[in-house]
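K.L.:
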Amino acid sequence: MSNLYKLLQITIIVSILSLLKAQNACQQAKTCAECIQINPECAWCSNATFGDSGFSRCDKPKALIKNGCQNSSISQPKSNLDSVVRNKQVSNAVGSTPAVQIQPQEVVLNLKPGEPAYIDIKVRQAEDYPVDLYYVMDLSNSMKDDLDNLKTLGSQLAEALQTITSSYQLGFGSFVDKTVMPFVSTVPSKLAAPCIGCDAPYGFKNVLRLTNDSHLFTSSVKMQNSSGNLDAPEGGMDALMQVTVCKEEIGWREDARRIVIYTSDDSFHYAGDGKLGGIVIPNDGHCHMINGNYEMSTVQDYPSISQLNYKMRENNVIPIFAVTSTQQDVYNELKQHIQGATTGQLLGDSSNIVELVKENYAKITSKVELSDNAPKNVDVDYEAYCLDGQPQANTKTCHGLNLGQTVTFRLGFTLRNCDDGSEKRVVIKPVGFSEELTVRIQPVCNCDCEASQEHYSEVCSHGNGTLVCGGCQCNIGRYGRLCECSSNDATSRLEDNDRACSVDNSTTATICSGRGSCVCGECSCFPRAKSGEVVSGKYCECDNFSCDRFNNLPCGGPERGECICDEQLKRSRCKCMPGYEGDACNCVSSTTGCISANGLICNGAGTCDCGVCKCNASYTGNTCENCPTCPGPCITNKDCVQCKAFNEGTKSPKECELCPYEVEILSNLTIENKAERCVFKDQSDCSFVFTYQKNADGNYKLKVQEDKICSEPVDPLFIILGIVIGIIIVGLILLLIWRLLTYLHDKREFARHEQERKNAKWGASQNPIYKPSTSTYKNPMYRK
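Everything in the sequence shown is counted per my numbering, starting at 541 for the first residue and increasing by one.
Below is the structure:
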């Protein structure tokens, strides 16, 4: 409950601050036109006598009425729907009458800066709406089997479109890549034919302009051959840009749904890749088709994705990316950046292209997505009422529609500022639709009362100004609220007047801090509606109610302090009574609560702030008496004990004399209650022992054991004998291991010898190792 209460308090405070901010902003306006542009809630009082009260003419209506302005004298124009210029009912096509898919078609809005105006529009996916389908295909050699299949699917594609609409057109184009290295081999023979039976490579080619002759589509596709390139990505973005922007060459109809089927088995090049081939000129997004060929392929870079999305949205073209399974992730990501785009998985031979057309056309027509071209100073908010009729805030898309169904959107238009005051036009259109809603915005930047002006009005100091909306616009040489001030040099004197009424002596600063009027170079502070509240100071920069608060009172109330005007700081601040301090006099000056047990303030490890200790790092406790991470008394007193009790250690004799605590040497050291036993080793590896106990005054009492604890030396003879015996034992073990390994090796060799002997086979007539003692030779010349 406490958290909820705090949250409620914060909400109320924020709301009050917002209201005060808006009110103060209103009071800065000097004319009615400025007033209505500062904040939608600001209004202007045109009553001529209202300014006599000292209140600002520009304020919220309730404040103006409370301050004495009549309701009939308040000017506060509102944003509204002025007129509906064209408002044809949504309908399907009837005969030669085209379908109407968005209603209304043109409206006029009057918009005051910061105040929205709303209109409702209806969008319908009309039945039997004309369709222009352009098939653009990757004809690199890897797509050869796809092309062969498409040659037989032309008639099926036409039949599929006939089931969608009675008015359709088909077109065909193909692409490979830019004919420069490293995209395409520039060897003359490869440029002529990159592969056996292939056509020369090219960027993009419009093979068949959109036509309703399906037989011509089939015959045109049959005449195509594949080509080839070097790298994996293709030049499809160049092709899509030309298909989108070349309306006449492609043959797009104005009243048809424009769809492009893009088929490929690989990824695509985009802006910046052209630099690899020395192409540095950015794509200009214009049509460069001559005799069906893209002539700027080797001159301009590939288009960027955002550039392509902008052109497709501008020309109402919706792409369907039919790609192989290996490229699905790439084109699914691309789909997110092109409005209205869909993807489908293309089989390896494109045999399912007809099914993909049906499936993705159903996706396209099953949703309505709105887009706009609003300028920077116009905000458009969307609220959708889809098939369920429930409002969906910040939504510009409806899904799950069937042909003939209608959905509604509520659009809110807000003008940020008047800018140049000219009429603004915002086009709202569903993605992929050729129809649109034109919203003409008329900025409301002036008040009606400004049309009637009284020149040389008696109200303005007997004719020294023009009375406009109850206020005076002074003639040259006069200035002031009622033009009551005069000067010899009007321009410089008027600037000096405003400068004298600003805190930083500038004509651009807020005059009299926005809480008063400048009368002949001096500030006249406005009175406060609440009794007891006073605005003061040379520039109305101070008051007696906006100082820091304690217990919900300025400066904690009169018993703690007073809210005064600090002329040096040029703001209100608290002047505290004796015994109090702080920005809101919220702290007592006494440090009694900060004194620790040793008499020090915050134990010397912190500062006393508002009677509470703020401890330094590592120290804790009400008076900073604890330090968990600080070195303990054992460590801090070790060197002093060593030098005073044993004349050893790192301290010099002079440093030893500076040790603060007395050391008592005892022959028999006992550990008293609450004392700690400290043990350390010296350079001779002997240990010395001492204890400490903290006295009431914060000093330590150190007691030291007279005798050190040293370990008994070991006889070297035992060490030498141990080493010799160890060497002998290790030697015997190594010898036994060697003998065992030798035995096992001999045993294995003997077993192998016995096995070979058993397997030997001898002839019956002769021992193979026996050699006769006589030799017989034949004379080749005997008997010749």
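We put the CB at the ideal spot given by N, CA and C, even for glycine.
#1: Count Cβ pairs between the region 1280-1294 and the region 1211-1227 that sit closer than 8 Å; are there 3 or more?
#2: Is Phe757 helix, strand or coil by DSSP?
#3: Just curious, the alpha helix (DSSP H) that Tyr922 is in, first and last residue?
#4: Assuming contact is defined by CB atoms lying nearer than 8 Å, are Lys628 and Gln641 in contact in what I supplied?
#5: Taking Trp1278 as part of the alpha helix (DSSP H), name the residues at either end of that continuous run.
#6: What are the boundary residues of the beta strand (DSSP E) that includes Val908?
#7: Which term fits Ser911, buried or exposed, when burial requires 16 or more other beta carbons within 10 angstroms of its beta carbon?
#8: Scan the region 1083-1128 and note each continuous beta strand (DSSP E) run of 3 residues or more that stays entirely inside, going in chain order.
#9: Going straight from the alpha carbon of Asp753 to that of Ala811, what length do you get?
#10: List the DSSP bridge partners of Gly972.
#11: Measure the alpha-carbon distance for Val785 versus Tyr669 and round it to whole angstroms.
#12: Where does the unbroken alpha helix (DSSP H) through Phe949 begin, and where does it stop?
#13: So if DSSP puts Gln643 in a beta bridge, which residue, or which two residues, is it bridged to?
#14: Using CA coordinates, which residue listed in Gly825, Ser837, Ser1042 and Ile799 is at the minimum distance from Gly814?
#15: Just reading off the beta strand (DSSP E) that Cys1218 is part of, what are its end residues?
#16: Could you tell me which uninterrupted beta strand (DSSP E) segments, each at least 3 residues in length, are contained entirely in the region 750-838, listed from first to last along the chain?
#17: From Glu1099 to Leu1093, what distance separates their C-alpha atoms?
#18: Determine the DSSP secondary structure at Asp960, reduced to helix, strand or coil.
#19: Measuring only the C-alpha atoms, how far is Ser613 from Gln993?
#20: So what's Met677 in DSSP terms, helix, strand or just coil?
#21: Please say whether Gly884 and Leu874 have beta carbons closer to each other than 8 Å?
#22: Could you name the residues that DSSP lists as bridge partners for Ile1249?
#23: Whole angstroms is fine: what's the gap from Cys1060's alpha carbon to Arg1039's?
#24: Compare the Cα-Cα distances from Ser1158 to each of Cys1167, Val1152, Gly1151 and Cys1150 and report the closest residue.
#25: Return the first residue and the last residue of the alpha helix (DSSP H) that Val894 is part of.
#26: For the beta strand (DSSP E) containing Ile878, list its first residue and its last residue.
#27: Would DSSP call Phe1186 helix, strand or coil?
#28: Taking the CB atoms as reference points, tell me whether Gly832 and Phe808 lie closer together than 8 Å.
#29: May I have the straight-line CA-CA distance separating Phe861 from Gln868, to the nearest angstrom?
#30: With the cut-off set at 8 Å, would you say Gly694 and Val761 are in Cβ contact?
#31: Expressed to the nearest angstrom, what Euclidean distance is found between the alpha-carbon atoms of Phe1258 and Glu1246?
#32: Let me know the beta strand (DSSP E) ranges lying completely inside the region 683-744, each 3 residues or longer, listed in chain order.
#33: Using 8 Å as the cut-off, can you tell me whether the region 821-832 makes contact with the region 755-774, which would need three or more C-beta pairs spanning the two stretches below that distance?
#34: Report yes or no: do three or more beta-carbon pairs, one from the region 908-922 and one from the region 940-955, lie closer than 8 Å?
#35: By the DSSP assignment, the beta strand (DSSP E) with Ile858 in it spans what residues?
#36: If you draw a straight line from the alpha carbon of Thr803 to that of Val625, how long is it in whole angstroms?
P.N.:
The structure says:
#1: no
#2: helix
#3: Note, Tyr922: premise wrong, no alpha helix (DSSP H); beta strand (DSSP E) at Val918 to Tyr925.
#4: no
#5: Pro1256 to Asn1299
#6: Val908 to Asp912
#7: buried
#8: 1101-1106 and 1111-1116
#9: 36 Å
#10: Per DSSP, none; premise fails for Gly972.
#11: 22 Å
#12: Segment Thr946 to Leu955 is the beta strand (DSSP E) holding Phe949; no alpha helix (DSSP H) there.
#13: Lys662
#14: Ser837
#15: Glu1216 to Lys1221
#16: 797-804
#17: 11 Å
#18: coil
#19: 15 Å
#20: strand
#21: no
#22: Ser1227
#23: 11 Å
#24: Cys1167
#25: Ile893 to Thr905
#26: Unbroken run through Ile878: none, as it is neither H nor E.
#27: helix
#28: no
#29: 9 Å
#30: yes
#31: 32 Å
#32: 708-715
#33: no
#34: yes
#35: Val857 to Val863
#36: 43 Å
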